[in-house]
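Input: a single structure, listed below in structure tokens.
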Amino acid sequence: MYTDHMETTPGHAAVTIHDRDSADPYLGRAVEGPAVFLDADIREGRPFELRRAFALATTEYLIDEWGVPEATPGVVSTEHAATG
1 MYTDHMETTP GHAAVTIHDR DSADPYLGRA VEGPAVFLDA DIREGRPFEL
51 RRAFALATTE YLIDEWGVPE ATPGVVSTEH AATG
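So this is what it looks like as structure tokens:
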């Protein structure tokens, strides 16, 4: 999904999943159930609309495929300088 939205190759994408215990605190939870937080570090210069489209597509996938309640996905997008 990332490579489609950002027009790059899989060699430029990394995914890390941290499974948390159900007793771990979640601040500001609106509903019970699984929670997901997406922290996307994206190459500098990508337009806001592109980053937003990726965030929306990812949260939609998590809601549809993982059963994450619609109110729980959180997204933050940071930028890093292009190197190499």
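At position 33 of the sequence shown the residue is numbered 33 (my numbering), and the sequence of numbers has no breaks. Glycine included, each C-beta is placed from N, C-alpha and C at the ideal position.
Query - Contacting residues, own chain, Cβ-Cβ under 6 Å from residue 40 (five flanking each side not counted) - result: Taking the first residue of the sequence shown as 1, we reach residue 40 at position 40. Excluding residues up to 5 positions away in sequence, 77 lie with their Cβ nearer than 6 Å to the Cβ of residue 40 in the same chain.
**Report entry** Three-state class that DSSP yields for residue 74 in the structure shown
**Finding:** On the sequence shown, position 74 is the one that residue 74 refers to. Three-state DSSP puts residue 74 in a strand.
Query raised in the report: Comparing alpha-carbon positions, which option in 37, 10, 81 and 45 lies nearest residue 56?
Result: Taking the sequence shown and counting its residues from 1, one reaches residue 56 at position 56. Closest option to residue 56, Cα to Cα, is 37.
Query - Burial state of residue 48 (16 or more Cβ within 10 Å) - result: The sequence position of residue 48 within the sequence shown is 48, counting from 1. Taking a 10 Å sphere around the C-beta of residue 48, we find fewer than 16 other C-beta atoms and assign the residue as exposed.
Report task. Within 10 angstroms of the Cβ of residue 73, are there 16 or more other Cβ atoms? Answer buried if so, exposed if not. Result -> As a first step, residue 73 is located in the sequence shown; it is residue number 73 there, counting from the start. Result: buried.
**Report entry** Counterpart residues of residue 39 in DSSP-defined beta bridges
**Finding:** For this step, residue 39 is matched to residue 39 along the sequence shown. Note: residue 39 sits in a beta bridge opposite 76.
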